[in-house]
Amino acid sequence: MEEKKADKDDDEEEEEEEGAESSGAGDNDDMAGEGSYQGSSGPEDEEEVEENWWDGDDPDEIILSNFTSIATGHEAGGRELILDVFKGNTHEDMLECNLLSGVSIEQFFDDLRGKFERLEIVPTPLELEDLQFGEPNGVQRYIDIYKECAWPGEGYRKDEALEKIKEYRKVIEREEEEQIEREDEEREREIKRQKVQHFD
């Protein structure tokens with residue numbers, strides 16, 4: 334009796350599969366006849382997409398608690414560095430731009446070290462991290478100081494470089510203060526001129 338029941342279930346499954354195949358074929362025929370749909374004929378037609386931390390993996394496998402931000406940029410083009418602690422990958426995300434693909438931790442830090450050695454990224458002491466404000470030539474001056482002190486390599490004179498950077502920064506700060514004072518004086522003169530014109 335159990336064998337008959339199993340055979341009956343198998344027959345029903347086969348009929349359902351045949352029905353699904355025939356109805357699917359009809360749907361495709363209708364679509365092809367209308368000429369309004371042209372789908373991909375297979376995986377070979379699909380454009381290869383570079384993996385990134387957001388859609389490179391199956392979204393069901395992304396566990397946000399495994400991700401931590403290790404650095405955050407600002408404005409358009411700023412970079413956020415994201416670490417996948419479970420998979421051991423770092424991902425670089427450009428703010429308000431397309432996402433970049435993930436790389437292994439070793440490759441990421443090798444690339445980062447190379448950028449520091451070539452001074453594509455310019456290291457500065459923490460207290461000088463605002464150097465980008467008011468210093469159009471500031472970054473180039475820091476690069477020159479590092480090179481004067483034998484950057485990179487074993488002969489690099491770190492203390493000397495940091496001292497020169499601090500001295501340069503003091504000069505810049507004095508110039509910025511003088512510029513602010515000049516602007517304030519000019520603003521006060523303009524206000525006085527406007528008051529005189531108003532009473533005349």
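Our numbering numbers the first residue of the sequence shown as 334 and each following residue consecutively.
Note that the Cβ used here is the ideal one computed from N, Cα and C, for glycine as well.
Keep in mind the model is a prediction, meaning the values are calculated, not measured.
Approximately 6 Å separates the beta-carbon atoms of L414 and E425; this is inside 8 Å, confirming the contact. Scanning its chain for C-beta atoms nearer than 6 Å, with the 5 sequence neighbours on each side dropped, one finds around V472 the residues V455, in chain order.
For R520, the enclosing alpha helix (DSSP H) has its first and last residue at K491 to F532. Look at E487 here: in three-state DSSP terms it is coil, with no helix or strand label. Around the beta carbon of N422, 16 or more other beta carbons sit within 10 angstroms, so the residue counts as buried.
With contacts defined by Cβ atoms closer than 8 Å, I478 and I505 do not form a contacting pair. C482 and E510 have their C-alpha atoms some 29 Å from each other. Listed in chain order, the non-local C-beta contacts of F449 below 7 Å within the same chain comprise P456, local neighbours out to five positions each way being set aside.
Classified as exposed, Y489 has fewer than 16 neighbouring CB atoms from the shown chains inside 10 Å of its CB.
DSSP places E425 outside any alpha helix (DSSP H); the residue lies instead in the beta strand (DSSP E), whose first and last residues are N422 to M427. When DSSP reads this structure, R412 sits in a beta bridge with M427. With a 10 Å radius around the Cβ and a threshold of 16 neighbouring Cβ atoms, R502 comes out buried. Across the structure, I476 and E453 are spaced so that their CA atoms are roughly 9 Å apart. Annotation: the continuous alpha helix (DSSP H) that includes I438 extends over I438 to E450. Considering only W484, E487 and I403, the residue with the shortest C-alpha distance to F442 is I403. Annotation: the continuous beta strand (DSSP E) that includes F400 extends over F400 to T405.
A direct Cα-to-Cα measurement between Q530 and E521 gives close to 14 Å.
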